[in-house]
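As structure tokens, the structure follows; a few thoughts come after it.
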Amino acid sequence: MNMIEEKDLFNINIEDLPGLSFNCSCGKKHSVDIEKLVVRTNILDELVKALEPFKKGKLFVVSDSNTYRVLGNRVVNRLQEKGFNYKSFMFEVGENDLIPDMNLVGRLLIELDNDVSIILAVGSGVLNDLSRIVAFRTKIPFAITGTAPSMDGYASVGSPLVVGNKKITFQAKYPYAIFADTSVMKDAPMEMIKAGYGDILGKLTAKADWQLARIMAKEYYCETTAKLVQNAVDKCINSTDGLTCRDEAAIGSLIEALILTGISMGLVGISRPASGTEHQLAHYWEIKAIERGMKHPLHGNAVGTATLITAILYEMIADKLPQGIEYPSSSYVRRLLEKVGAKTNPRELGIDREMFMDGMLNAMYMRDKYTILRFCDEQGKLKKFAATLADRFYGHDGL
312 MNMIEEKDLF
322 NINIEDLPGL
332 SFNCSCGKKH
342 SVDIEKLVVR
352 TNILDELVKA
362 LEPFKKGKLF
372 VVSDSNTYRV
382 LGNRVVNRLQ
392 EKGFNYKSFM
402 FEVGENDLIP
412 DMNLVGRLLI
422 ELDNDVSIIL
432 AVGSGVLNDL
442 SRIVAFRTKI
452 PFAITGTAPS
462 MDGYASVGSP
472 LVVGNKKITF
482 QAKYPYAIFA
492 DTSVMKDAPM
502 EMIKAGYGDI
512 LGKLTAKADW
522 QLARIMAKEY
532 YCETTAKLVQ
542 NAVDKCINST
552 DGLTCRDEAA
562 IGSLIEALIL
572 TGISMGLVGI
582 SRPASGTEHQ
592 LAHYWEIKAI
602 ERGMKHPLHG
612 NAVGTATLIT
622 AILYEMIADK
632 LPQGIEYPSS
642 SYVRRLLEKV
652 GAKTNPRELG
662 IDREMFMDGM
672 LNAMYMRDKY
682 TILRFCDEQG
692 KLKKFAATLA
702 DRFYGHDGL
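Residues are numbered in my numbering as their position in the sequence shown, beginning at 1, plus a constant of 311.
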């Protein structure tokens with residue numbers, strides 16, 4: 312580990328973060344246990360160079376039929392050119408999205424050969440989460456080559472998986488390496504770019520919830536980590552106008568923000584810097600959609616809409632809040648979502664009034680995390696606020 316001063320953290324290029332460690336003013340020692348991080352155009356040369364230490368064994372390349380077409384085939388061809396021994400496994404994707412559940416975890420374990428030296432996932436959310444948990448359980452390193460700037464899990468240490476009727480985040484580990492090719496990721500489906508942006512906007516309310524939990528539940532709080540995330544979010548927001556035209560620099564800022572928020576969770580060992588009420592609601596909607604056999608929105612798109620709802624809740628309960636809570640205005644969040652053409656109404660996500668009300672009243676029980684939902688409930692206001700919001704989003708017709 313390369314020790315640095317805490318103040319120097321904010322002046323370091325993202326590709327230089329791997330291997331850094333510092334003693335923080337929060338009282339903890341933080342470290343970035345990632346070996347390699349590459350965010351640039353055309354990453355294949357860097358990829359094969361970083362994987363050279365694993366050449367004596369077999370690489371297990373995991374993709375799906377979409378990500379293989381976008382990038383996986385080029386990765387496999389380059390590995391073959393450079394003399395790597397590898398096994399390529401591809402999930403077939405039909406009309407329905409892959410669901411990160413125990414069935415897919417089991418499938419990967421079955422396909423995993425005994426002589427694999429590293430798992431290389433080519434994809435985004437689901438493939439990243441599946442590969443991470445399998446790598447962690449089998450004590451094999453893993454790396455991720457991103458194909459879309461759609462979520463903040465690339466640098467995370469947890470794997471959110473669907474177990475029964477719950478979405479549970481299993482503690483796992485940092486990836487050995489992350490490769491993000493901006494020339495590939497800028498061409499991702501626009502809904503995935505919007506999803507990544509929505510996930511980033513969620514950090515605005517996650518920060519407020521973390522501050523609230525510090526005061527109300529006496530939770531640990533790290534100002535340095537919160538600042539690291541806020542700086543990345545601000546940089547991304549400043550590039551908002553370039554996202555819809557797929558400007559590569561703007562996409563790069565989005566990717567960096569997504570990776571940095573993932574790293575931040577690893578720094579403090581909890582999801583607080585990146586996840587609050589907006590994620591509780593999004594996870595609840597996702598689970599209920601799966602239960603009903605419905606197609607659910609991309610995680611980040613749900614998070615973006617839920618961020619707006621969370622901001623409104625903060626405004627509704629503002630007179631009861633303790634001092635020192637920095638929450639975004641709902642008009643600000645709405646304006647940012649509208650700039651990229653993202654959804655601002657849960658109804659537009661396919662969430663009906665019943666599911667919305669259930670989520671408002673029950674999402675806080677999915678995880679033991681103090682958020683504005685619990686605060687509103689403690690103030691005896693949650694049911695009233697939920698009904699008011701339901702009328703605002705769905706009208707009085709009950710639809």
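All residues carry an ideal CB built from backbone N, CA and C; glycine is no exception.
By the CB criterion at 8 Å, K484 and A585 fall outside the cutoff.
G587 sits close to T516, with the two beta carbons spaced by under 8 Å.
Shown here, G615 sits in a helix according to DSSP, grouped into three states. Setting aside the 5 residues that flank it on each side, F481 is surrounded in the same chain by I444, G469, S470, L472, each with a C-beta closer than 7 Å to its C-beta; the list follows chain order. Judged by beta-carbon spacing, V427 lies within the 8 Å limit of G368, meaning their Cβ atoms are closer than that value.
Between the segment 502-511 and the segment 607-618 there are three or more inter-stretch CB-CB distances shorter than 8 Å, so the stretches are counted as touching. One thing to note: G464 has its Cβ within 8 Å of the Cβ of D440.
Boundaries for H590: no beta strand (DSSP E) harbours it, while the alpha helix (DSSP H) harbouring it runs 588-603, taken from the DSSP string. When secondary structure is reduced to three states using DSSP, S575 falls in the helix class. Under the 8 Å Cβ criterion, the segment 563-574 does not count as touching the segment 363-382, having fewer than three qualifying pairs. Q522 is classed as buried because its beta carbon has at least 16 other beta carbons within 10 Å across all chains shown.
Between the segment 574-582 and the segment 330-345, the count of C-beta pairs closer than 8 Å reaches three or more; the two stretches touch. The Cβ-Cβ distance between A568 and K538 does not fall below 8 Å. In this structure N377 is in contact with V404, their Cβ atoms being roughly 6 Å apart against a cut-off of 8 Å. Around the C-beta of K654, 16 or more other C-beta atoms lie within 10 Å, and the residue is accordingly described as buried. Under the three-state reduction of DSSP output, R703 falls in the helix class.
Annotation for L331: N313, I315, V343 place their beta carbon closer than 6 Å to its own, counting only its chain and skipping 5 residues before and after. R525 counts as buried, since no fewer than 16 other beta carbons sit within 10 angstroms of its beta carbon. Taking 8 Å as the cut-off, the beta carbon of E597 is found no closer than this to the beta carbon of K497.
A617 and L647 do not touch by the CB rule: their CB atoms are close to 14 Å apart, not below 8 Å.
Three or more beta-carbon pairs separated by less than 8 Å link the segment 692-706 to the segment 617-629, which places the two stretches in contact. The alpha-carbon of C556 is positioned some 25 Å away from that of E326.
Counting the other Cβ atoms within 10 Å of the Cβ of K631 gives fewer than 16, which makes it exposed. Per DSSP, I479 is one residue of the beta strand (DSSP E) stretching across 477-482.
By DSSP's assignment, K650 forms no beta bridge with any residue.
Counting C-beta atoms within 10 angstroms of its own C-beta, M413 has fewer than 16 neighbours from the protein chains shown and is therefore classed as exposed. Going by beta carbons, K650 and T551 fall inside the 8 Å limit. Relative to the Cα of R678, the nearest Cα in the group K478, C687, E637 belongs to K478. Close CB contacts of V495 within its chain, under the 7 Å cut and outside five residues either way in sequence, are with V381, L382, T458 (chain order). Of all alpha-carbon atoms in T682, L320, N388, I623, the one lying nearest the alpha-carbon of S642 is that of I623. For a cut-off of 8 Å, the C-beta gap from A454 to I421 is around 21 Å, too long to register as a contact. Between the alpha carbons of R664 and L700 lies a gap of roughly 10 Å. Residue pairing by DSSP places I429 opposite L370 in a beta bridge.
Take I570, set aside five residues on each side of it, and the residues of its chain with a beta-carbon closer than 6 Å to its own are Y465, A466, in chain order.
When the Cα atoms are used, A499 and S461 turn out to be separated by approximately 9 Å. Taking C-beta atoms as the reference points, I504 and L348 fail to come closer than 8 Å.
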